[in-house]
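All residue numbers for the sequence shown refer to our numbering, where the first residue is 29 and numbers rise by one. Note that CB positions come from ideal geometry on N, CA and C, so glycine has one too. Every value quoted in this text rests on a predicted model; they were computed, and no experiment measured them. Each remark here refers to the structure printed beneath this line.
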Amino acid sequence: MGIEPGYSDKIATEIEKTTTNRSKSSRKNRRRNRKMAAVQTLFNVCKEVFADGGVGFIPCPDDVERLRSILNSLTQDDVGLSPELPYFRPIRIGNSRAPIITYLHLYECDKFSIGIFCLPPSGVLPLHNHPGMTVFSKLLFGTMHIKSYDWVEGDPYTTAVSENAPPARLAKLTVNEDFVAPCNTSILYPAAGGNMHCFTAMTACAVLDVLGPPYSDPDGRHCTYYREYPFDRFSADGISGLEQEKDRLAWLQDREKPRSLTVFGASYRGPRIVDG
Numbered sequence: 029m030g031i032e033p034g035y036s037d038k039i040a041t042e043i044e045k046t047t048t049n050r051s052k053s054s055r056k057n058r059r060r061n062r063k064m065a066a067v068q069t070l071f072n073v074c075k076e077v078f079a080d081g082g083v084g085f086i087p088c089p090d091d092v093e094r095l096r097s098i099l100n101s102l103t104q105d106d107v108g109l110s111p112e113l114p115y116f117r118p119i120r121i122g123n124s125r126a127p128i129i130t131y132l133h134l135y136e137c138d139k140f141s142i143g144i145f146c147l148p149p150s151g152v153l154p155l156h157n158h159p160g161m162t163v164f165s166k167l168l169f170g171t172m173h174i175k176s177y178d179w180v181e182g183d184p185y186t187t188a189v190s191e192n193a194p195p196a197r198l199a200k201l202t203v204n205e206d207f208v209a210p211c212n213t214s215i216l217y218p219a220a221g222g223n224m225h226c227f228t229a230m231t232a233c234a235v236l237d238v239l240g241p242p243y244s245d246p247d248g249r250h251c252t253y254y255r256e257y258p259f260d261r262f263s264a265d266g267i268s269g270l271e272q273e274k275d276r277l278a279w280l281q282d283r284e285k286p287r288s289l290t291v292f293g294a295s296y297r298g299p300r301i302v303d304g
């Protein structure tokens, strides 16, 4: 996903002050309630579910439901977040029209990762893929538009976009709607469920993602971004039986990471995950 290392000193100091005050309050609340933190429960189950995981791994239906159930019950308070935090202010860099997005890292190993994307209003995670992954996404708060695609089944239909440019491949729309928290967890699979998706924040939003396995450039699991073209933009020669679905079809072309996308990493300050 291309996470930048951190914020400017001014922004970081403001976040530090705000989150430190919230952390003190959270510690008081935790002393009152010593039951296992929800994120620790999530971690424990992820460790079991993805123990034998790898590229293309899909958990069994019972394990999918276990994770879905835990994530469905997860709230912003369980991870120490609220829309009032500086992460959710529409801060921009230079002349960029897109606000900064923040990524809070909770945990990562070679089997799975847990993290939270914090999107200010109008923040966008552009259309991108999840190669060989099963992904659980829980909208903790806010209203978000999600648009997702899967590749059309069978022989990959491709078309030339322009000379010396990557070809575009045909994909079918899976989801194209607004989600309002609280809502059920979204799940995508290596070849189904909307493996390529785009998030657009209508309001301040926080999304907790569980990826199994996580992105890994050394292992060939790169995050690929896409340009989207309408089905009618190019010739459909050789394509039969799909014309009646053309409103749900689009051509997707590989592209470089959009220059407008800036994702900064920040320290997670919610309940701690203990591995061991």
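- The Cβ atoms of ALA219 and ASP178 lie closer than 8 Å to each other.
- Its Cα nearest to that of VAL83, the residue ASP245 stands out among ASP245, PRO148, ALA209, PRO299.
- Short of 6 Å from the beta carbon of ARG94, and not among the five residues preceding or following it, lie these beta carbons of its own chain, in chain order: VAL73.
- Looking at the DSSP output, MET172 bridges to PHE207, ALA229.
- Taking a contact to require three or more Cβ pairs closer than 8 Å, the region 205-214 and the region 144-157 do not qualify as touching.
- Rounded to whole angstroms, the separation of the alpha carbons of GLN281 and GLY304 is 43 Å.
- Residue environment analysis places ASN223 among the buried positions, since at least 16 neighbouring C-beta atoms fall within 10 angstroms of its C-beta.
- Short of 6 Å from the beta carbon of LYS274, and not among the five residues preceding or following it, lie these beta carbons of its own chain, in chain order: PHE259.
- Leaving aside the five residues that flank SER176 on each side, the residues in its chain whose CB is nearer than 6 Å to its CB run, in chain order, THR202, VAL203, GLY222, HIS225.
- In its chain, beyond the 5 residues on either side, VAL107, GLY108 have a beta carbon closer than 6 Å to the beta carbon of GLY298.
- CYS88 and TYR243 have their C-alpha atoms some 21 Å from each other.
- According to the DSSP assignment, CYS74 belongs to the alpha helix (DSSP H) that extends over 66-77.
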